[in-house]
Amino acid sequence: VVGKGKRASLTSTQSYAFQTPKLRQIRAAHINGGAALQVLNFVIFPHMNYDLPFLGLDLVTLPGGHLIAIDMQPLFQSDEYKAK
């Protein structure tokens, strides 16, 4: 349950995961809290032998507005890799 009193509503979660030859995991998760809360989270993890970044996307909807977050991280943290 999310919210209080008249604004209380049931919350449900759905999650999906996929895999491709270059991406070891693609995950989408949705939290449905009715009018009080909606969250969509999307993450991509590449296989370690491909030069692709990690990608995270979030969309959060609350009664007062929306929040969008986009995050990309390098595959490795070494100075040599960062210099590419």
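If you read the sequence shown in the numbering used here, its first letter stands for residue 250, the second for the next number, and so on. We put the beta carbon where it would ideally sit given N, CA and C, even for glycine. The model shown is predicted, which means the values in this text are computed figures rather than measured ones.
Same chain only: Cβ atoms within 6 Å of residue i, ignoring 5 sequence neighbours per side
{"i": "residue 283", "result": "258"}
{"i": "residue 292", "result": "276 and 305"}
{"i": "residue 301", "result": "295"}
Spatial distance of residue i from residue j (CA atoms)
{"i": "residue 299", "j": "residue 254", "result": "50 Å"}
{"i": "residue 252", "j": "residue 285", "result": "6 Å"}
{"i": "residue 308", "j": "residue 260", "result": "16 Å"}
{"i": "residue 332", "j": "residue 316", "result": "32 Å"}
{"i": "residue 197", "j": "residue 290", "result": "Outside the displayed span of the chain (250 to 333) sits residue 197, for which this structure offers no information."}
{"i": "residue 272", "j": "residue 297", "result": "9 Å"}
{"i": "residue 327", "j": "residue 279", "result": "33 Å"}
{"i": "residue 287", "j": "residue 262", "result": "10 Å"}
{"i": "residue 324", "j": "residue 256", "result": "42 Å"}
Residue i (DSSP reduced to helix, strand or coil)
{"i": "residue 283", "result": "helix"}
{"i": "residue 254", "result": "helix"}
{"i": "residue 300", "result": "coil"}
Same chain, Cβ closer than 7 Å to residue i, five either side skipped, listed in chain order
{"i": "residue 322", "result": "302 and 303"}
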